[in-house]
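So the structure is just underneath, and the comments pick up after that.
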Amino acid sequence: MKIIDGKDTILGRLASHVAKEALKGEEIAIINCEQIRITGKKKSIEKEFEAKRQRVGSAQKGPKISRTSEKIVKRTIRGMLPSHKEGRGREAFKRIKCYVGIPPEFKESEKITFKSETKLKSIRVKHLSK
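Remember, the numbering used here sits 11 above the position in the sequence shown when you count from 1.
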């Protein structure tokens, strides 16, 4: 099992890497989901996220987008997989686990970190999950 530390990692790059690894058959756990960064202007990111959340069909049957940090990250990864409802995409999606903070079972284990640009305009996932 690969354990990826999401602290100060850019969401899109992390999601594409995780999707590729999951399709290869790798079990993946992402920790510190609340500290992952989304690049772009803060106001536009918040506006787009709220617009997505407001788009709900008649009688609340439409897509429901969760506010929790780990589900925001997992939904982004899901978008990079082939059809998450059947076949390879579904199996790959089941192999991905996301956590807020560091669970006790992963405290001592080796973690993979990604380098990221610090000068980019960005917002942390935890600001969207308020």
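Note that CB positions come from ideal geometry on N, CA and C, so glycine has one too. All values derive from a computational prediction rather than experimental measurement.
- In the assembly as shown, Glu81 is a buried residue. Its beta-carbon has 16 or more other beta-carbons within 10 Å.
- Under the criterion of beta carbons closer than 8 Å, Ile49 and Val136 qualify as touching, at roughly 7 Å.
- Fewer than three beta-carbon pairs drawn from the segment 48 to 64 and the segment 28 to 36 are found closer than 8 Å, and the two stretches are therefore not classed as touching.
- The alpha carbon of Glu37 has as its nearest neighbour, out of Gln46, Lys105, Lys75, the alpha carbon of Lys105.
- Between the beta-carbon of Ala26 and that of Thr87 there is about 5 Å, and that keeps the pair under the 8 Å contact cut.
- Of the residues Leu22, Ile15, Ile39, the one whose Cα lies closest to the Cα of Ala103 is Ile39.
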